[in-house]
Amino acid sequence: MIFKLLSSLSITILMFYAVIVQANEVAPWGVADRSEIKYEPQKVLYDLTTADKKSLQNILDRIGLLYKLYESDPLGSSIIIVVHGNAIPYFAIANAMNLELMKRAHSFTVGAPIEFRMCQAAAKVLGYEPKDIHGFVKMVPMADAEIIKLQKDGYAYMQ
């Protein structure tokens, strides 16, 4: 009986040891530590040119998370998304298949220091006038000039 009990205990210890050894082989450096960092609100510029819907959704996710990390501080933070290139058609009123995505983008601008600015020159090349673009978007003469101006004003550049 004691032999059987010791045998079962030994097998359990060996199995536990095998799991530890295997974990060390898979993660020989252990696991990552979690850092608790409080980020101060900043001025941030996103350069949005993607034609890929998943990429656009990902950027909106990042904007939302960043604003949340800034504790939704409307006085200390400012996030501006400069839309140009292949991202322009998403913001066109006639492009109804993107309405849910645009509702989400619009929601960021309500009561928050988040703005969408679109390159009027690029929109015009693509056949869009200001009347063709959703009303929460501000038209600026040129995306490149706007990005340069914002960087001079202290905005951190993100893609």
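When you read off a place in the sequence shown, starting at 1, and then add 7, the result is the number in the working numbering. C-beta: ideal position from N, C-alpha, C; glycine also. Since this is a predicted model, take the numbers as computed values, not measurements.
Would you check whether the ligand GDP has a heavy atom nearer than 7 angstroms to the C-beta of residue i?
i           : result
tyrosine 46 : Here there are no bound small molecules, and the ligand GDP is not part of this structure.
Out of curiosity, what's the CA-to-CA distance linking residue i and residue j?
i                 : j              : result
arginine 41       : valine 90      : 34 angstroms
alanine 58        : arginine 124   : 17 angstroms
glutamate 122     : methionine 146 : 11 angstroms
leucine 108       : valine 33      : 40 angstroms
lysine 156        : isoleucine 87  : 12 angstroms
tyrosine 53       : glutamine 166  : 5 angstroms
tyrosine 164      : histidine 113  : 21 angstroms
isoleucine 44     : arginine 111   : 27 angstroms
phenylalanine 115 : histidine 141  : 14 angstroms
proline 48        : glutamate 78   : 8 angstroms
valine 132        : leucine 63     : 21 angstroms
leucine 72        : leucine 106    : 22 angstroms
lysine 50         : arginine 69    : 15 angstroms
alanine 39        : leucine 76     : 21 angstroms
tyrosine 162      : tryptophan 36  : 37 angstroms
Between the Cα of residue i and those of the options, spot the shortest distance and give me the residue it belongs to.
i             : options                      : result
glutamine 101 : Pro35, Asp80, Asp139, Ala129 : According to the sequence provided, residue 101 is alanine. The question's glutamine does not apply to it. Measuring from the Cα of alanine 101, the nearest candidate turns out to be Asp139.
alanine 129   : Glu32, Leu55, Leu67          : Leu55
proline 120   : Trp36, Pro48, Pro81, Gln127  : Pro81
tyrosine 46   : Ala152, Ser84, Ile154        : Ser84
glutamate 136 : Ala163, Ile44, Ala99         : Ala99
cysteine 126  : Ala150, Ala39, Lys60         : Ala150
glycine 134   : Ala152, Asp160, Gly92        : Gly92
tyrosine 97   : Lys60, Pro148, Asp160, Asn31 : Lys60
valine 117    : Tyr74, Ile66, Ala152         : Tyr74
What do you get for residue i, buried or exposed, if any count of 16 or more other CB atoms within 10 angstroms of its CB means buried?
i             : result
isoleucine 95 : buried
leucine 13    : Note that leucine 13 has pLDDT 47, beneath the 50 cutoff, so the model's placement of it is unreliable and the number below is only indicative. By the 10 Å Cβ count, leucine 13 comes out exposed.
valine 144    : buried
Inset, instruction - Jot down the residue ranges of each uninterrupted beta strand (DSSP E) in the segment 57-140, minimum 3 residues, whole runs only, in chain order. - result: 85-90, 121-126
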